[in-house]
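FYI, the numbering for the sequence shown is 2 to 126, going by this note's numbering.
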Amino acid sequence: MSFLKTWRFRIDLWLAARSLPWRVAGKSFEEILALASPEGRVDYAGLPAAYVSRRVRKSVRHPWLMRDRRCLREGLLGFEFLRRSGYSPELHFAVDPDSVSKERIAAHCWVCLDGKPVVGDRQGN
2 MSFLKTWRFR
12 IDLWLAARSL
22 PWRVAGKSFE
32 EILALASPEG
42 RVDYAGLPAA
52 YVSRRVRKSV
62 RHPWLMRDRR
72 CLREGLLGFE
82 FLRRSGYSPE
92 LHFAVDPDSV
102 SKERIAAHCW
112 VCLDGKPVVG
122 DRQGN
């Protein structure tokens, strides 16, 4: 890992984490997913997935906004930055069926690589 690449990555991630609440405000679910799927961008190839995952978790540790949607923030950022690091992550969502009829749906979001959770898994956080 080059020093310059890791610092550029960390600054880019920090800015993305802070601006995410405004980038997703008023957008549909499809539009939000499109934000996390940068086509053809591999800015951080060579960064280890474990490093990317750890930095994503740290970036959302103390949210000012979207406090009640931490896993969504972590999942979207993890998915985006793992893709931008050259990986093929999978973004997963689970909805509590008992909450579907309620005013607010209870759900969880996490990211997997090769079938293993790497960001947003409750056991690993």
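All C-beta atoms, glycine included, are put in the ideal place defined by N, C-alpha and C.
Here the structure is a predicted model, which is why all the values come from computation and not from measurement.
Bridge partners of Lys-117, per DSSP? Leu-114
The alpha helix (DSSP H) that contains Leu-77, what's its start and end? 71 to 84
So, with DSSP's three-state summary, where would you put Glu-104? coil
CB of Val-61 within 7 angstroms of CB of Arg-71, strictly: yes
Just to confirm my understanding: we take Gly-76, look at its own chain, exclude 5 residues before and 5 after, and list those with CB closer than 7 angstroms. What are they? Leu-92, Cys-110, Trp-111, Val-112, Val-120 and Gly-121
With H, G and I counted as helix, E and B as strand and the rest as coil, what does DSSP make of Val-61? coil
Using beta-carbon positions only, say whether Phe-82 and Pro-90 come within less than 7 angstroms of one another. no
Residues in the same chain with beta-carbon distance under 6 angstroms from Thr-7, minus the five sequence neighbours each way, listed in chain order, please. none
My understanding is that Ser-51 touches Gly-87, with C-beta atoms under 8 angstroms, so please give their C-beta distance in whole angstroms. Note on residue identity: the sequence assigns Ala, not Ser, to residue 51. Between Gly-87 and Ala-51 the Cβ distance is about 14 angstroms, and since that is not below 8 angstroms, they are no contact.
Mapping DSSP to helix, strand and coil, what is Ala-46? coil
Using three-state DSSP, classify Glu-31 as helix, strand or coil. helix
Reducing DSSP to helix, strand and coil, say where Ala-37 ends up. coil
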